[in-house]
Amino acid sequence: MKPDAPSAAPLVQMDNIEKHFGGVRAVNGVSLDLYPGEVVGVLGHNGAGKSCLMRILSGAMLPSQGTIKVNGEIAEIQTPHDARDLGIETIYQTLALADHLNAPANLFLGRELKTRFGNLDDTKMMSEAVRVLKRLNPNFKNLNDPVSSLSGGQRQVIAIARAIYFNVKILIMDEPTAALGPSETAMVSALIRQLRDEGIGILLVSHDMHDVFELCDRVVVMNKGRKVGSHPIEDVTKDDVLSLIIKGELPHNWVPRSRETIQ
Amino acid sequence: MADLDRGAAPAFWTFKLSPGSYHKLSALLTLALLIFAFSFGNAAFFSVNNGLTVLLQTSVIGLLGIGMTLVIITGGIDLSVGSVLALSGTITGLSVKAGIPVAPAMAIGVMAGAACGFVNGFVITKMKITPFVATLGMMLIARGLALQLTGAAPISRLGESFGLLGNGSLFRIVEKTGGIFPKVVFPGIPYPVILLAVVAVAAAYLLRRRQTGRHIYATGSNEEAARLSGVLVDRTKIFAYALSGALAGLAGNVLMSRLVTVQPNEGVMYELDAIAAAVIGGASLMGGIGNISGTMIGAAIIGVLRNGLNMAGVSAFIQQIVIGVIVILAVYIDQIRNRR
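Just so you know, the sequences run in chain order Y and A.
For the first sequence, our numbering assigns the number 6 to the initial residue and increments by one for each residue that follows.
For the second sequence, our numbering assigns the number 12 to the initial residue and increments by one for each residue that follows.
Rendered as structure tokens:
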């Protein structure tokens with residue numbers, strides 16, 4: 006998969022995005038593309054601005070400056086609702102679940118299914134929830150319990166299910182495997198590959214180098230609010246990426262690794 | 012029989028209840044225990060007439076409690092309901108005095124209550140002032156308005172029709188005896204009780220079956236999550252406060268109608284009864300938990316307590332102490348339940 010293949014139009018173009026908090030520039034003139042069927046790792050220290058950038062794309066935060074284009078058209082993303090209407094779904098690190106509600110209520114929160122009379126269609130929501138949750142985790146039980154009583158893995162599954170149930174085109178995953186055990190991590194990895202093959206663009210925020218190199222087609226590294234690098238994964242090594250994350254620049258003698266091996 | 016009627020009404024609500032029914036069961040048990048104990052205190056406590064009196068008293072606390080429950084589920088609190096009740100009644104009274112027929116005048120009063128609630132919601136969501144402070148301010152504003160509008164004097168001579176809502180009843184059976192006082196076979200179900208039942212069913216339906224209700228729970232459970240999920244959190248909160256204000260207005264009209272006089276200093280500290288009813292009924296002040304049936308049981312407990320203590324000859328001061336202790340106990344039980 007060649008992510009920068011000129012044939013495909015980018016799903017998302019974030020152009021010169023800035024976010025200021027008082028005098029602090031949390032995001033400083035960052036541009037980012039995402040193509041269909043591409044997994045882009047977004048890396049950086051805590052406070053490098055990657056979460057800010059993701060929150061801007063998901064409508065949870067308004068940029069101070071800059072434009073976002075989705076499918077080539079300028080998109081005004083004012084609220085999470087707007088983002089979802091554009092097919093942008095987000096799995097937050099905090100999972101963003103309402104603890105007192107059960108799994109189906111969380112799955113459909115903000116987009117509840119209704120009967121003809123406008124009542125909540127709990128039966129339908131439950132059966133749909135069973136279907137989609139069983140697909141992700143066959144052992145999923147107690148869907149009627151408030152999600153506060155579920156395990157970390159089950160809660161994560163609900164958050165993931167909520168993002169992929171609706172017609173997702175652009176998926177933002179913020180540390181999706183941080184709370185998971187090995188088997189569940191493998192499930193998430195498989196899911197990411199499957200979604201990629203369906204042509205969905207994925208932005209993967211992660212600290213786990215192993216995951217990044219296994220799953221991503223390209224990495225974007227941020228440092229102190231700036232984008233310091235965007236490279237196809239085969240052009241960089243883990244050490245290169247670490248250097249970008251920590252120092253904000255590539256090692257002195259760096260040449261794209263894929264070219265290096267050819268030469 | 013009165014006891015059965017009273018016990019059966021809340022029990023009807025518990026049927027569809029799954030989680031939290033433990034708490035509700037214990038509240039129901041407390042209610043039954045209270046009724047049992049008080050019927051020893053005074054023989055007249057355990058009668059049809061007194062049962063209806065309790066229900067009548069409960070209806071005002073119940074209406075306030077329903078609105079309070081919605082607000083508490085969103086994670087807020089509404090301290091202004093007692094004052095809004097007085098202001099709404101005052102505005103209804105002034106409207107009647109201005110020549111407006113009773114029914115539209117009452118509608119104006121209820122709308123005034125809703126407007127107060129809307130302002131509460133606006134101040135809380137848009138000016139980002141905590142619910143405690145915002146509604147405390149409204150408590151003073153509404154009370155001050157009611158006193159200013161009336162010059163702190165009660166408005167009386169509002170006509171017989173003004174008293175109908177508070178004093179009328181359905182299925183009243185009266186036997187003509189030929190004497191001056193006709194014999195009352197069955198005093199009838201008071202209109203306020205019917206009103207409360209209708210409002211309670213409507214509010215339970217809203218919370219359980221409508222999207223708005225689901226969003227009220229989600230907002231109180233995890234506001235940020237609700238916002239990120241596309242729930243219009245501000246609108247949901249404003250709605251809850253406006254409804255609380257409207258129900259306070261309705262309660263005000265019921266209360267003033269019962270007295271057939273508008274008292275601008277009526278309803279002081281009623282907000283505490285309403286909060287107590289909601290909390291005893293299992294609503295959590297942390298938000299996300301609560302339901303109408305529980306609040307109805309809570310309101311009945313407060314109503315029975317007040318009435319029973321009165322009939323047992325306990326002074327009003329001691330009553331305050333008792334209810335204060337019970338509120339603390341209810342919150343304590345809520346915390347233990349959350350820790351589990």
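Each residue gets a CB set at the ideal place from its N, CA and C atoms; glycine is no exception.
None of the values given here were measured: they were computed from a predicted structure.
Inset, instruction - Check whether the Cβ atoms of residue 245/A and residue 80/A lie closer than 7 Å to each other. - result: no
Inset, instruction - Consult DSSP for residue 140/A and reduce its assignment to one of helix, strand or coil. - result: coil
Legend entry - Nearest-angstrom Cα separation, counted from residue 74/A out to residue 210/A: 8 Å
Inset, instruction - Can you check DSSP and say which residues form a bridge with residue 273/A? - result: Note: residue 273/A sits in a beta bridge opposite 166/A.
Legend entry - Inside the segment 201–241 of chain A only - alpha helix (DSSP H) runs reaching at least 4 residues: 202–220, 222–232 and 234–239
Inset, instruction - In the DSSP assignment, find the alpha helix (DSSP H) that holds residue 318/A and state where it starts and stops. - result: 303–322
Legend entry - chain Y within 7 Å of residue 334/A, Cβ atoms only: Contacts with chain Y at 7 Å (Cβ-Cβ) do not include residue 334/A.
Inset, instruction - Answer with yes or no whether the minimum CB distance from residue 87/A to chain Y is below 7 Å. - result: no
Legend entry - One or two residues paired with residue 236/Y in a DSSP bridge: 224/Y
Legend entry - Straight-line Cα distance separating residue 183/Y from residue 262/Y: 29 Å
Legend entry - Enclosing alpha helix (DSSP H) for residue 51/A [first to last residue]: 32–52
Inset, instruction - Please confirm if residue 104/Y has its CB atom under 7 Å from at least one CB of chain A. - result: It does; some Cβ of chain A falls within 7 Å.
Inset, instruction - Closer than 7 Å by beta-carbon distance: list the chain A residues that pair up with residue 86/Y, in chain order. - result: 241
Legend entry - Under 7 Å between C-beta atoms of residue 259/A and residue 71/A: It is not a contact, given that the beta carbons lie outside the stated cut-off.
Legend entry - the segment 303–320 of chain A touching the segment 332–349 of chain A, judged by at least three CB pairs closer than 8 Å: yes
Inset, instruction - Using 10 angstroms around the beta-carbon of residue 105/Y, count the other beta-carbons present and answer buried if the total reaches 16, otherwise exposed. - result: buried
Legend entry - According to DSSP, residues forming a beta bridge with residue 119/Y: According to DSSP, residue 119/Y bridges with 125/Y.
Legend entry - Secondary structure of residue 94/A, DSSP reduced to three states: helix
Legend entry - Through-space distance from residue 222/A to residue 39/A, alpha-carbon basis: 29 Å
Inset, instruction - Put residue 172/Y into one of helix, strand or coil per three-state DSSP. - result: coil
Inset, instruction - Answer with buried or exposed for residue 84/A, where buried requires no fewer than 16 other C-beta atoms within 10 angstroms of its C-beta. - result: buried
Legend entry - residue 272/A beta carbon less than 7 Å from that of residue 167/A: Yes, Cβ-Cβ distance for residue 167/A and residue 272/A is below 7 Å.
Legend entry - DSSP state of residue 89/Y mapped onto helix, strand, coil: helix
Inset, instruction - Using a Cβ-Cβ cut-off of less than 8 Å, list which residues of the segment 53–77 of chain Y approach chain C; keep chain order. - result: Absent from the structure: chain C. Protein chains present are Y and A.
Inset, instruction - Please list, in chain order, all residues of the same chain as residue 235/Y whose beta carbon is under 6 Å from its beta carbon, the five residues on each side excluded. - result: 225
Legend entry - Alpha-carbon spacing of residue 212/Y relative to residue 185/Y, whole angstroms: 14 Å
Legend entry - Near-chain A residues of the segment 116–148 of chain Y - C-beta to any C-beta below 8 Å: 116, 117, 119, 123, 124 and 125
Legend entry - Residues in the segment 163–175 of chain Y having any Cβ partner in chain A nearer than 9 Å: 167
Inset, instruction - Whole angstroms is fine: what's the gap from residue 86/Y's alpha carbon to residue 233/Y's? - result: Straight-line Cα distance between these residues: approximately 31 Å.
Legend entry - From 139/Y, 117/Y and 23/Y, residue whose alpha carbon lies closest to that of residue 72/Y: Selected option, being the one with the closest Cα: 23/Y.
Inset, instruction - Provide the residue span of the alpha helix (DSSP H) that contains residue 189/Y, from first to last. - result: If you look at residue 189/Y, you'll find it in the alpha helix (DSSP H) that goes 187–202.
Inset, instruction - Please report the Cβ distance between residue 153/A and residue 94/A, rounded to the nearest whole angstrom; I am assuming they are in contact, meaning their Cβ atoms lie under 8 Å. - result: 4 Å
Inset, instruction - Confirm, please, whether the CB-CB distance from residue 236/A to residue 102/Y is below 7 Å. - result: In this structure, residue 102/Y sits near residue 236/A, with a CB-CB distance shorter than 7 Å.
Inset, instruction - Report the partner residues of residue 186/A according to the DSSP bridge assignment. - result: Answer is 194/A, bridged to residue 186/A.
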